[in-house]
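Scroll down for the structure; my scribbles are underneath it.
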Amino acid sequence: MRRLFLTLLALLMPLAAQAQWREASTPHFVIYSQQGPERLREFATNLERFDKGLRALRGAKDDVLGTSGRVTIYVVDDTDDVKALIGDRQVAGFYIARAGGSMAVVPRASGASSDIALGPLAILLHEYGHHFMFSVAPHSAFPAWFVEGFAEFHATAVFGKDGGITFGEPPLYRGIGIMRGNMLPIEKLMIADTLKLSPEQRDAMYGRGWLLTHYLTIGQPARAGQLGKYIAAINAGSKPIDAATGAFGDLRTLDKELERYKLGKFRISRLIGASLAVGEPAIRVLGPGEAAMMKVRIRSRVGVGPKDVPDLYADARKAAAPFPNDPAVQIILAGAALDASDYPGAEAAADRAIAADPKALDAWLHKSQARTLAARKSGDRDKARWEAIRKLIITANRLDPDNPRPLIRYYLSFGDAGEAPIEAARQGLSRAMELAPHDRGLRLLATTMFLRQGNKVVARQLLAPLAYQPHSPALAARAQKLIALIDEGKIEAALADLSGKPEAPDDEDSKSPA
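So the sequence shown is numbered by the working numbering: it starts at 31 and just counts up by one.
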């Protein structure tokens, strides 16, 4: 009997070890996963190489990121977990652009494999392609076909055993859409942002966008420079079709070239491993408190609907109860309490986190937000109360001056108090925009600020990337309307639109699915 017990125990031990939550930290990523340490190390290292390869391929410099500038990746069990989190059965992974907290959720298994394989990895690389594009070219407008084509081009990266990366492999998961015909002729592809696409046409935009991006970047040397000319024309104000014709020539000829090109052999671009050397990721096993809160943490960060908030908060309280002195646990609990509008509970949890770790920036922010939301609810504009709230925000800012969230909260505090933002607050919001150009709500907030200052040029520049947003047609239409109002000199009308339908930074709807 004892021997049988030991045999069963030996069989179960690898499963228990695999179930441990681990964190891998690199210069550009923070990854939470239940993968084993070696697999997680390989995964994190490949992601760093991918970022380095992207920069080498696209000639983008690598600015030093603070901890808040990294993308947090949550690796869940399978695509069913992903679908449950986002509430969409067609989504296999997603990315949320958020100031100071951009994140992605991807599955560890897609059904065909128990580890991160081509499907889940392609999802993640696609989403990081979006993040990279909007980070290195924050004020450029890119048409929808190129936004998706660019992401798809890099999503098929192949990692070599020598540390090298191959770019340009075809996305086999788009193969049927690419090969079955031309569902989106180039005249429509160029204006896909403005069209109501069928599911088949939307899928074709991904595949055809990949094909055209591949052809113009590495497939046809005779067309070198045309893509850059086209994008420059769009950003100079040309209509999409005019920009395309001016850069590519006759569009029907280009369409025919693409039809021939898709039947041939695709060029690839390979970067050798020696050029992509990166440091070792730091890996740690999460403590029992953090591990117990992991499911709550992911659901809270993704965001849940109003009906699910009470259950999430109840789960958070239950999981956090054994760990009153764990700052990470109490920070997660405070966030769940804020979602549930339990402001005293949120402040109490934040205070426990601060007592355990006075340098816990998120705890100071949650404490300030608990007081902010309580004051908003009661309509309290007492000057002393708001000065006290700002002191909490300033404390958070001093802990990490390059975290955009305290800068945003500080600026918003003046409007909440019925006061005009001071110059330091305006400068802080500008700095936040530099730090988190991918946050859509922050763009609209900064647009409002610059319009009020009379700076139409910068306001228009901030709106331009939103006007071609492929994952949010409503936001794209709104941005196009605002740009038109600015161009017509109707600044008050633009401000009225921005004031009447605000989108706060950290917008939970900024989800990019794949």
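Even glycine gets a Cβ: it sits at the ideal position worked out from N, Cα and C.
Nearest to residue i by alpha carbon, out of the options?
i	options	result
arginine 282	Arg204, Lys218 and Asp392	Lys218
threonine 243	Ala506, Arg327 and Gly258	Gly258
glycine 448	Ser371, Arg347 and Trp416	Trp416
arginine 546	Asp272, Asp280, Ser228 and Asp233	Because the chain spans 31 through 544 in this model, residue 546 falls outside it and cannot be assessed.
arginine 100	Met479, Lys421, Ala405 and Gly131	Gly131
tyrosine 260	Ala383, Phe176 and Gly519	Phe176
isoleucine 423	Pro431, Lys486 and Ser398	Ser398
lysine 82	Asp369, Ser529, Ser305 and Pro229	Ser305
leucine 151	Val188, Leu246, Ile516 and Leu293	Val188
threonine 477	Lys226, Ser529 and Pro318	Ser529
aspartate 338	Ala366, Ala321 and Ile361	Ala366
tyrosine 291	Thr109, Arg238 and Gly123	Arg238
alanine 167	Asp111, Glu68 and Gly89	Gly89
alanine 181	Met163, Ala171 and Lys191	Met163
glycine 317	Asp392, Leu342, Pro67 and Phe353	Phe353
isoleucine 298	Thr186, Asp387 and Thr402	Thr186
glutamine 483	Ile452, Met213 and Ala504	Ile452
Which of the three DSSP states, helix, strand or coil, is assigned to residue i?
i	result
alanine 114	helix
phenylalanine 59	strand
arginine 411	coil
serine 299	strand
arginine 490	helix
glutamate 199	coil
isoleucine 261	helix
alanine 322	helix
aspartate 145	The pLDDT assigned to aspartate 145 is 40, lower than 50, so where the model puts this residue is not dependable; a value taken from the coordinates is nonetheless given after this. Residue state, collapsed to three classes: coil.
alanine 266	coil
alanine 127	coil
proline 352	coil
valine 563	Coverage of the chain is limited to positions 31 through 544, which leaves residue 563 absent and any answer about it impossible.
isoleucine 423	helix
arginine 52	strand
alanine 450	coil
valine 94	coil
arginine 435	helix
valine 135	strand
aspartate 107	strand
valine 315	strand
valine 101	strand
asparagine 485	coil
glycine 89	coil
aspartate 341	helix
leucine 293	coil
serine 371	coil
lysine 30	The displayed coordinates of the chain run from 31 to 544. Any statement about residue 30 would go beyond what the structure contains.
glycine 66	coil
glutamine 499	coil
aspartate 469	coil
If you count every other CB in all the chains shown that lies within 10 Å of the CB of residue i, and 16 or more means buried, which is it?
i	result
methionine 235	buried
arginine 545	The displayed coordinates of the chain run from 31 to 544. Any statement about residue 545 would go beyond what the structure contains.
lysine 269	exposed
leucine 284	buried
serine 63	buried
arginine 411	exposed
alanine 364	buried
aspartate 93	exposed
lysine 564	Beyond the ends of the chain as shown, which are 31 and 544, falls residue 564; an answer cannot be given.
arginine 204	buried
arginine 75	According to the sequence shown, residue 75 is threonine rather than arginine. Classification of threonine 75: buried, given that the 10 Å Cβ count is 16 or more.
glycine 471	buried
arginine 382	buried
alanine 49	exposed
serine 228	exposed
With residue i and residue j assumed to form a contact (beta carbons below 8 Å), what rounded beta-carbon distance in angstroms separates them?
i	j	result
proline 57	leucine 87	Actually they do not touch by this definition, with Cβ atoms about 18 Å apart.
histidine 161	tyrosine 125	6 Å
tryptophan 394	alanine 418	No, tryptophan 394 and alanine 418 are not in contact; Cβ-Cβ is about 13 Å, not under 8 Å.
aspartate 446	arginine 406	6 Å
leucine 429	lysine 389	6 Å
alanine 524	leucine 481	6 Å
glycine 198	glycine 303	In fact, because the Cβ distance is near 17 Å, the residues do not count as touching under 8 Å.
alanine 400	tyrosine 373	4 Å
valine 332	valine 135	7 Å
Between residue i and chain B, is the shortest Cβ-Cβ distance under 9 Å, so that the two count as touching?
i	result
proline 150	The displayed structure is made up of one protein chain only, and chain B is not part of it.
Following a CB-centred definition, is residue i positioned closer than 8 Å to any heavy atom of the ligand ATP?
i	result
leucine 525	In the structure on display, the ligand ATP does not appear, and there are no ligands present to speak of.
*What are the uninterrupted segments assigned as alpha helix (DSSP H) that are 4 or more residues long and contained completely in the segment 502-531, given in chain order?*
503-517 and 521-530, all fully within the segment 502-531.
_Just to confirm the assignment: which complete beta strand (DSSP E) runs, minimum length 3, are found wholly within the segment 152-224?_
The segment 152-224 contains these whole beta strand (DSSP E) runs: 195-197.
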